[in-house]
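Working notes, structure below.
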Amino acid sequence: MFIIKKYRLLTLFSPFFYYCDFKPGIFHIDVIGRQVTPKGKRVQPPWSPPEGTDISKLRLYNSLTRTKEVFVPQKGNRVLWYCCGPTVYDASHMGHARSYISFDILRRILKDYFKYDVFYFDIILYNLIPHTFARQNYLMEQYREKKPSPSQILQDVLTARTPFKAKLAETTDPDKKQMLERLDAAVEAALGPLQMAVQSNAAGDTLQNQAQVLLEEAKDLLSDWLDCQFGSQVTENSIFSLLPKYWEGEYHKDMEALNVLPPDVLTRVSEYVPEIVAFVKRIVDNGYGYGSNGSVYFDTAKFDSCPAHSYAKLVPEAVGDQKALQEGEGDLSISADRLSEKRSQNDFALWKASKPGEPSWDSPWGKGRPGWHIECSAMAGSILGQSMDIHGGGFDLRFPHHDNELAQSEAYFENDHWVRYFLHTGHLTIAGCKMSKSLKNFITIKDALAKHTARQLRLAFLMHSWKDTLDYSNNTMESAIQYERFINEFFLNVKDILRSPTDITGQFEKWEAEEIELNKSFYEKKTSVHEALCDNIDTRSALEEIRALVGQSNTYMAARRSAKLPPNRMLLQSIALYLTDMLKVTFGAIEGAEPIGFPVGGNGQDSDLENTVMPYLSVLSDFREDVRKIAREKKVTELLRLCDELRDDTLPELGVRLEDRDGLPTSVKLMDKETLLKEREEKKKVIAESIYLAMAKLAKMKVKPSEMFRSETDKYSIFDEMGFPTHDAEGKELSKGLTKKLRKLYEAQEKLYNEYLQSTQNGS
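FYI, the numbering for the sequence shown is 1 to 764, going by the UniProt record's numbering.
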């Protein structure tokens, strides 16, 4: 028995050092640095995970803190979301679309990109705020049905104009005053012809036509006048529901046309009056409301004095702003002589005693109607419970509407977290000007869709922050159209490449340095898009990253085309599929089932349309290319002209674009017909303008320098021997400054004229 100490040996058979462990009767040789079993078997080495990088978290700008906060739903992955809906008494306009489209984008991104389980709830404000509008509309329809004579219409408008003029004189708001002045000017312009027609006993048709023109122009002031006279006699609740029902239908049509997803639940105020009454009663029972003269008001001082509550969380600096409160209450505000009904001017109506000519329901406090703010709280509480994750609305609703919602809801539930995250969309301006329905300065959604597509409108919204002001202008829409065209061209090029025939093995080409670089950029841009969406859903930056990715892909395709080499199909397909998914599923900017790109025809048949017609178009394109080849060889110019005519005139009418490429097959692209025809007209316009400019330049070049000023006798009276002016039209000598300026023009013309002479000598 003997023991030998552990020591290291270097074998002659391997460059490795071995660890030798000599024990009685046992001889183990193990590779240094590797774990072994007692029997000498090699095992897996230790493993350590990569350090990794910080994972970006979704942050949303929360109006409750006025900063970006990490978004954490209250219960796992579920998100309860409530958005203020429209007051349906007229056509929806682009100011409404600012919120509808923006929140649709946010909802899609949270649901389809971040994979939250979103429950989206919306309401329709029915019967309440628009009662004056509905009543006046009813009275105006009654007036029309009576078919008043032209003389009666003239007399009534003149009578109605007196209080209108007084209202105009009292108006101090400059925007509103300007609107009223425009209305008065239109009435004035329509009054004159009818007055003359009545005085001259004009023919019946002439009188009726002039009367209808005046009736249309004066309908607003006439409605006010009729309301003052007969409004208190309108008491039937159905009158106040007919108009909103019609406009609700129009609202849903507008939302569908804008590709705005419908809510999971939609409620109407008119269907929830019993729940609203119960909601108000509980607030009173909790000590935060009080009855007064048939109305019920929220006690802001009592609520704010409670340690568990705080009034005006969103805009605390606005407390006491009577102008904002007055605008917020609108028709629910009370006259100065009835202010004693309220304990404080800051208190607001939960339930309002109805006046003659207003809708009314039974309540413990008598006949009345809900306050403006309470309907949102009551219905949201009924559907979502005592707390929601997200509440959305327009920026201008923060105070008093949303602050009052918060107060009365937290008074009802006796909590301090009715809303966890408050999101407010920015204003919308029209070419830099404030938009307002009350000022009659608005563009309806239907008007906007008549001028631009739903995709173009959505892209315009995506290219701006959802929380900032968006200016709806020609420049804004032109940027969206250019972006759409840029992305669409990429999709068309990729689809053209993917249609090129190849077998299954040909789809997997070897990656060279260019493909590796593009793929690297692809993943970098995907990461950048993700980071942008995590940063308060910054769609503007996300679209710029997409633009950069498309630009790099275009550069890659152009380089391969120049080298007469096919681009990598699978790589470009991956990029195109990613972009389509982002624009379709995440942003809602693409409708239809086409796997790549924008739809070509009607939704639902886009993919079938392209798959059906493209084989025939490819055959036609190949045949045309063969004809062109023979025509060039035989110098048959008439055939070449016909081939060009097919490309430039005939096929665009069918929504087909052919692109001839030197040394490569002709590219065939199926497009929207209207877009293609518009492109063709723009191209013709550019060519015409370039020809016009060239002709204008040529005409200018032909003018001798000595003659360029002689025709301007209204400016100059005396010229030197070179035709240069020395005195003005009154005979006064020209100043040194003006002479210097004219000398530069003279010398520039001299240069142009010499170029013209040179070109004629060269025969060009």
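Using N, Cα and C, we set each Cβ at its ideal position, and we do this for glycine too.
State the DSSP-derived secondary structure class of residue i, mapped to helix, strand or coil.
i: T53; result: coil
i: Y692; result: helix
i: V319; result: coil
i: M94; result: helix
i: T675; result: helix
i: T162; result: helix
i: D122; result: strand
i: D362; result: coil
i: R58; result: Here the sequence assigns Leu to residue 58, which means Arg is not the residue at that position. L58 falls in the coil class under three-state DSSP.
i: M379; result: helix
i: C433; result: strand
i: R455; result: helix
i: S711; result: coil
i: Y100; result: helix
i: C84; result: coil
i: S717; result: strand
i: L64; result: coil
i: L128; result: Residue placement at L128 cannot be trusted, given a pLDDT of 48 that sits under 50; the coordinates are not used to answer.
i: I26; result: Model confidence at I26 stands at a pLDDT of 46, short of 50, so the residue's coordinates are unreliable and nothing is read from them.
i: F522; result: helix
i: E512; result: coil
i: L180; result: helix
i: L106; result: helix
i: D535; result: strand
Taking the C-alpha atoms as reference points, what is the distance between residue i and residue j?
i: A699; j: I691; result: 12 Å
i: A563; j: L571; result: 18 Å
i: S102; j: W466; result: 6 Å
i: L734; j: T726; result: 6 Å
i: E681; j: T675; result: 10 Å
i: L470; j: P263; result: 24 Å
i: S292; j: G381; result: 25 Å
i: V284; j: H391; result: 25 Å
i: K342; j: E236; result: 29 Å
i: E170; j: K177; result: 9 Å
i: I518; j: Y120; result: In the sequence as presented, Ile is not what sits at residue 518; that position holds Leu. Each residue's alpha carbon lies about 39 Å from the other.
i: E181; j: F133; result: 21 Å
i: E544; j: D227; result: 53 Å
i: K434; j: A548; result: 34 Å
i: Y89; j: I443; result: 16 Å
i: G192; j: L158; result: 11 Å
i: C20; j: Q44; result: The predicted model places C20 with a pLDDT of 47, which falls under 50 and marks its position as unreliable, so this point remains unresolved.
i: T476; j: A460; result: 6 Å
i: N127; j: G551; result: At N127, the pLDDT of 44 sits below 50, so the modelled position is not reliable and the matter cannot be decided from this model.
Round the Cβ separation of residue i and residue j to the nearest angstrom and send it over; I've been treating them as touching at under 8 Å.
i: T666; j: E625; result: 6 Å
i: V198; j: E217; result: 16 Å between Cβ atoms; not a contact.
i: I124; j: R268; result: 5 Å
i: N488; j: G597; result: 7 Å
i: V79; j: D122; result: About 15 Å separates the two Cβ atoms, so there is no contact after all.
i: M388; j: W47; result: About 45 Å; that fails the 8 Å criterion.
i: P567; j: M557; result: 5 Å
i: N554; j: K68; result: Contact doesn't hold; Cβ gap of about 34 Å is too wide.
i: G393; j: H424; result: 6 Å
Leaving out five residues before and five after residue i in sequence, what residues of the same chain have Cβ atoms less than 8 Å from its Cβ?
i: residue 766; result: The question about residue 766 has no answer, for the chain in this structure spans 1 to 764.
i: residue 808; result: No statement about residue 808 is possible, as the shown extent of the chain runs from 1 to 764 and does not include it.
i: I445; result: A91, S92, H93, M94, H96, A97, D254, A257 and L258
i: V315; result: R398, F399 and D403
Spatial neighbours of residue i within its chain, please: CB distance less than 7 Å, with the 5 preceding and 5 following residues excluded, ordered by chain position.
i: S541; result: A532
i: P400; result: A324, L325, G328 and F348
i: W351; result: V280, S295, V296, S363, W365, G368, P370 and G371
Cutting at 6 Å between CB atoms, please list the residues of its own chain near residue i, excluding the five before and the five after it.
i: L583; result: A589 and I590
i: S354; result: S360, K367, G368 and R369
i: C376; result: E405
i: F71; result: L58 and L60
i: F164; result: L221
i: L100; result: A small correction: the amino acid at residue 100 is Tyr; Leu does not occupy that position in the sequence shown. So the list reads V260, once near-sequence residues are dropped.
**Item:** Segments of 3+ residues assigned as beta strand (DSSP E) that fall wholly inside the region 260–320
**Value:** 265–268, 289–292 and 295–298
**Message:** Threshold first: 4 residues or longer. Then list the alpha helix (DSSP H) segments lying entirely within the region 463–495, N to C.
**Reply:** Taken in chain order, the complete alpha helix (DSSP H) segments of 4 or more residues contained in the region 463–495 number zero; there are none.
**Item:** Completely contained alpha helix (DSSP H) runs for the region 189–254, where each covers 4 or more residues
**Value:** 204–217 and 219–230
**Request:** Within the region 543–616, note down every full beta strand (DSSP E) run reaching 3 residues or more, in order along the chain.
**Result:** none
**Message:** I'd like the ranges of any alpha helix (DSSP H) spanning at least 4 consecutive residues and lying wholly in the region 381–429.
**Reply:** 403–413
**Asked** Can you list, in chain order, the stretches of the beta strand (DSSP E) that have 3 or more residues and sit fully within the region 639–683?
**Response** Taken in chain order, the whole beta strand (DSSP E) runs of length 3 or more contained in the region 639–683 are 656–661 and 664–670.
**Prompt:** Whole alpha helix (DSSP H) runs in the region 722–763 with 4 or more residues, listed along the chain?
**Reply:** 736–762
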